[in-house]
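So the sequence shown is residues 79 to 423, counted in the working numbering. We put the beta carbon where it would ideally sit given N, CA and C, even for glycine. Here the structure is laid out as structure tokens; the discussion comes afterwards.
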Amino acid sequence: MYNINSFKIKSSPIILGIESSCDETAAAVISGRKLLSSEIISSATEQAKYGGVVPEIASRAHTEAVGEVVRRALKNADVSAEKLDGVAVTFGAGLLGALLVGLSFAKGLAYSLNIPLIAVNHIRGHLAAAYLVAEDLKPPFITLLASGGHTAVLHTKSYTEFEVLGATCDDAAGEAFDKVARVLGLEYPGGVNVERLAREGENSVKLPSALVKNATRMQFSYSGLKTAVINAVHNAEQRGEELKRADIANSFQRAAIDPLVKKTVESALKRGIDTVTAGGGVVANGYLRDTLTKACQKAGLRCVLPEKRFCTDNAAMIAAEGLTQYLAGNFADLSINARAQIPLK
Ligand code: KG4
Ligand code: ZN
């Protein structure tokens, strides 16, 4: 019988991570904190035809890819399934149908191998990606979270606990990047295309900052910034002026990212914490990485950023968070269900 109370906890387990919350089917293997393999099969090209992620297409693509991506991850790690000590899988947040594919596969694997199933919150996975680049990284630190669904500055107090110091009151930064991409006529996935266009432009368009002024606590807002971009585009069109798309992209990128960097560094200094980490798709942005790294250097802070490929959705981060949960003995029952939404706190 499969009994979650019967598992012994090893200090340096081999864990398979599986991720299928959106349009990437991913699997990765870690041994302790050492990453052995990380594989992704993406349906992004297929989704791009529709200008965004179509849930039905995502679920079908995961069904086709999950077996193969796990096979590749095990092969490249040179680990046989029998050597695994646990299976970590994203159970939320994300597209329900998409999540169920990875979750069901992971349950089957955990059951057949009689090893712990570890249910990972996708966002905690993004936060754990930093552990993959620095063997010695341990809490406390200040973390900038900037993804498609969340934007916040966190005080990571321990491996399992964090406090939200400030967050967006409306859209997430990644969402704003995607919407601005659409307004500028750029293809899905939008964020990286805004970044490319921004490199050709200058910061010449006046836009509101994403930092909410005079708020009682740290707060960001992206909906005003997004509307200002839409207005800038429409005004130029109405006046028959040449649309400086690259300048708009550049100005938007700065208005979106500068306050996040500033507040992250300020939070660390204010709390006397010497290390800063970051996670989420927007952290793949080169401008964010440069400015945050430089701002930390200037302030005498250590800055640990996950590799770009581990900022956007991947399974290495799910395995990394899986390790934390495994060591805490936090195992899931086979009856666990997928969840479309999980509050940040
Ligand atoms: O963390 P993520 O992969 O998915 C979740 O939301 O969990 O984040 C995806 C978001 C998208 O909104 C995408 O536009 C944004 O991250 N993104 C970027 C870049 N790469 C991905 N935003 C700005 N610059 C990038 N290079
Ligand atoms: Zn994500």
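Exercise. Tell me the DSSP bridge mates of residue 348?
Worked result: Against the sequence shown, residue 348 aligns to sequence position 270. According to DSSP, residue 348 bridges with nothing at all.
Problem set entry | Reduced DSSP secondary structure (H/G/I, E/B, other) of residue 231 | Sequence index remark: in the sequence shown, residue 231 carries index 153 (1-based). Residue 231: strand per DSSP, three-state reduction.
For this session: For the segment 173 to 184 and the segment 302 to 318, state whether three or more C-beta atom pairs, one from each stretch, are separated by less than 8 Å.
Result: no
For this session: Give me the Cα-Cα distance between residue 297 and residue 154, rounded to the nearest whole angstrom.
Result: In the sequence shown, residue 297 corresponds to position 219, counting from 1. In the sequence shown, residue 154 corresponds to position 76, counting from 1. The alpha-carbon atoms of residue 297 and residue 154 are separated by roughly 43 Å.
Exercise. Hey, is residue 267 close to ligand 1, as in C-beta under 7 Å from one of its heavy atoms?
Worked result: Along the sequence shown, one-based indexing puts residue 267 at 189. Yes.
For this session: Output yes or no for whether 8 Å exceeds the beta carbon distance between residue 124 and residue 135.
Result: Walking along the sequence shown from the start, residue 124 turns up at place 46. Walking along the sequence shown from the start, residue 135 turns up at place 57. Contact flag set, yes.
Exercise. Under a three-way DSSP split, which group does residue 257 fall into?
Worked result: In the sequence shown, the residue the question calls residue 257 occupies position 179. In this structure, residue 257 counts as helix in the three-state DSSP scheme.
Problem set entry | N-terminal and C-terminal residue of the beta strand (DSSP E) that residue 165 is part of | Taking the first residue of the sequence shown as position 1, residue 165 is located at position 87. Its beta strand (DSSP E) spans residues 164 to 170.
Exercise. Would you report the Cα separation of residue 405 and residue 411, rounded to the nearest angstrom?
Worked result: Taking the first residue of the sequence shown as 1, we reach residue 405 at position 327. Taking the first residue of the sequence shown as 1, we reach residue 411 at position 333. Rounded to the nearest angstrom, the two C-alpha atoms are 16 Å apart.
Exercise. Should the segment 215 to 229 be called in touch with the segment 350 to 361, which here means at least 3 C-beta pairs below 8 Å?
Worked result: yes
For this session: Within the same chain, show all residues whose beta-carbon is closer than 6 Å to that of residue 346, passing over the 5 residues directly before and after it, in chain order.
Result: The residue you call residue 346 lines up with position 268 of the sequence shown. Around residue 346: 220, 354, 379.
For this session: Would you please state the rounded distance, in angstroms, between the beta carbons of residue 377 and residue 343? I believe it to be under 8 Å.
Result: If you number the sequence shown from 1, residue 377 lands on position 299. If you number the sequence shown from 1, residue 343 lands on position 265. So it is a contact: roughly 5 Å between Cβ atoms.
Problem set entry | Option in 349, 102, 111 with minimal Cα separation from residue 214 | Here residue 214 refers to the residue found at position 136 when the sequence shown is read from its first residue. Nearest C-alpha to residue 214: 111.
Exercise. Quick one, which of 328, 303, 82 has its alpha-carbon nearest residue 248's?
Worked result: For this step, residue 248 is matched to residue 170 along the sequence shown. If we check each option's Cα against that of residue 248, 303 comes out closest.
For this session: Report the residue from 191, 188, 232 whose alpha carbon sits nearest the alpha carbon of residue 202.
Result: Mapped onto the sequence shown, residue 202 falls at position 124. For the residues 191, 188, 232, the minimum Cα distance to residue 202 belongs to 232.
Exercise. What separation, rounded to the nearest whole angstrom, lies between the Cα atoms of residue 334 and residue 169?
Worked result: Locating residue 334 in the sequence shown gives position 256, where the first residue counts as 1. Locating residue 169 in the sequence shown gives position 91, where the first residue counts as 1. Residue 334 and residue 169: Cα-Cα distance of roughly 30 Å.
Problem set entry | Per-residue DSSP class, three states only, for residue 330 | The residue labelled residue 330 in the question sits at position 252 within the sequence shown. Looking at residue 330 - three-state DSSP - the assignment turns out to be helix.
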